[in-house]
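In this note's numbering, the protein residues as written are 19 to 360. Virtual Cβ for every residue (Gly too), placed ideally from N, Cα, C. Inspection log for the structure reproduced underneath, given as structure tokens.
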Ligand code: ADP
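Shown next, in the form of structure tokens:
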């Protein structure tokens, strides 16, 4: 069991500085998702953790062991990290067993069988990668990463190339397996849903810096700025002004706000915090007309044009037909909004 921590970490490529003063701790046995748009520096961080890239400043520790820092650099093969890459990383000329055993001592057949069992691929031990589906190939890649009993597993967008159903299934399986083994893991992803549903901790990265690190609930419900709020889920943005302690006034009426608001600013609500009434509840301040309905089975996402012209997304649960475009509705709010000044 090993924690992973970085302190004041900087790294880049020649004159290009990418990571700038990162501080981060992944407690032992936790799964951290590094979430950010393409180009934000996620892969660079993973490369530094793996030992493929030397930091230009700061320190990386696995548990008490400094693996990179001033005067210290432990090469990748001595870090005890397992890496699960994006896709297509298996050796095509080796069978599944050969891929998993690559680099292991000769007498490792029992360990190969054991990890293939863990990922449900034992019966495919003699199959070649090109005979496997994308999901099966990623299972083998995971088995290969786990075979040498790594202290830390690094996953680089491992589910991106899979179809939606397989992606959801495999990420749940991988999470369960890593939890069972108690392995500390870092998952790089640009997929908000994947980060929120899979990780114990989410680190939101922007332009080479970590803007927020917290539990999935914290980054979703208490985003540190508007950028994070927009990036980690659908956000309803409304202009608002303070109206007494802990409340603001906005187009949806007077609503409670976490942390308060000292001057006019913006409030964020999540679409599931909006409650639609149809027929209209005359006492509700927010009234408008449904413009679009996007039915998604388990729920429907509506676009509602409020009477002042503001368009807001509202999520309504499945089970009964959602209001149709053109219908008048009223919109209420549950829970607290999150406020951002200015
Ligand atoms: P992400 O994984 O979030 O997409 P990367 O870590 O791959 O981001 O890239 C971060 C920045 O570093 C980008 O601006 C990218 O162009 C730059 N970069 C990545 N790899 C190299 C490289 N080998 N040489 C120079 N710049 C690079």
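- For residue 171, the enclosing beta strand (DSSP E) stretches over residues 170–174.
- Counting only runs of 3+ residues, the beta strand (DSSP E) found wholly inside the region 32–102 occupies 34–44, 49–53, 75–80, 83–87 and 99–102, in chain order.
- Counting C-beta pairs with one atom in each stretch, the region 77–95 and the region 238–248 have fewer than three that are closer than 8 Å, which means they do not touch.
- For residue 31, the shortest C-beta to heavy atom distance toward the ligand ADP is below 7 Å.
- Distance from residue 65 to residue 120 at the Cβ level is roughly 21 Å; contact not present, criterion being Cβ atoms closer than 8 Å.
- Secondary structure note for residue 249: its alpha helix (DSSP H) is the uninterrupted segment 244–249.
- Residue 133 and residue 118 do touch by the CB rule: their CB atoms are close to 6 Å apart, below 8 Å.
- In this structure residue 287 is not in contact with residue 260, their Cβ atoms being roughly 17 Å apart against a cut-off of 8 Å.
- Residue 125 has its alpha-carbon roughly 31 Å from the corresponding atom of residue 82.
- The Cβ neighbour count for residue 212, taken over all protein chains shown within 10 Å, is at least 16; the residue is labelled buried.
- Residue environment for residue 342: exposed (fewer than 16 other C-beta atoms within 10 angstroms of its C-beta).
- Relative to the ligand ADP, the nearest heavy atom lies less than 7 Å away from the CB of residue 36.
- With respect to residue 222, residue 202 sits apart: the two C-beta atoms are not nearer than 8 Å.
- By the 16-neighbour rule on beta-carbons within 10 angstroms, residue 159 is buried.
- Per DSSP, the beta-bridge partners of residue 274 are 265.
- The continuous alpha helix (DSSP H) containing residue 190 extends over residues 182–199.
- Following the DSSP letters along the chain, one finds residue 223 inside the beta strand (DSSP E) bounded by residues 219–224.
- Here residue 342 carries a coil assignment [DSSP, helix/strand/coil].
- At a cut-off of 7 Å, the beta-carbon of residue 178 does not count as near the ligand ADP: no heavy atom of the ligand is closer than that.
- At a cut-off of 7 Å, the beta-carbon of residue 60 counts as near the ligand ADP: some heavy atom of the ligand is closer than that.
- About 5 Å separates the Cβ atoms of residue 352 and residue 291, confirming a contact at the 8 Å cut-off.
- With a cutoff of 8 Å on beta-carbon distance, residue 331 and residue 252 are scored as near each other.
- Per DSSP, the unbroken beta strand (DSSP E) holding residue 283 starts and ends at 283–287.
- Two segments are said to touch when three or more pairs of C-beta atoms, one from each, lie closer than 8 Å; by this definition the region 20–33 touches the region 41–49.
- Buried is the label assigned to residue 174, since at least 16 other Cβ atoms lie within 10 Å of its Cβ.
- At least one heavy atom of the ligand ADP lies closer than 7 Å to the C-beta of residue 57.
- Boundaries of the alpha helix (DSSP H) harbouring residue 234: 234–239, taken from the DSSP string.
- When DSSP reads this structure, residue 359 sits in a beta bridge with 283.
- Counting only residues of its own chain and dropping the five nearest sequence neighbours on each side, residue 140 has a CB closer than 7 Å to the CB of 131 and 134.
- Sequence-distant partners of residue 316 (beyond 5 residues in either direction) whose C-beta falls short of 7 Å from its own C-beta, in its chain, are 336.
- Looking from the CA of residue 275, the closest CA among 155, 226 and 354 belongs to 354.
- For residue 118, the enclosing alpha helix (DSSP H) covers residues 114–119.
- Per DSSP, residue 256 lies in no alpha helix (DSSP H); the unbroken beta strand (DSSP E) holding it starts and ends at 254–260.
- From the listed residues 146, 51 and 97, the smallest Cα separation to residue 107 is found for 146.
- Annotated three-state conformation of residue 133 is helix, per DSSP.
- Proximity of the beta carbon of residue 116 to the ligand ADP is not indicated: no heavy atom of the ligand is located closer than 7 Å.
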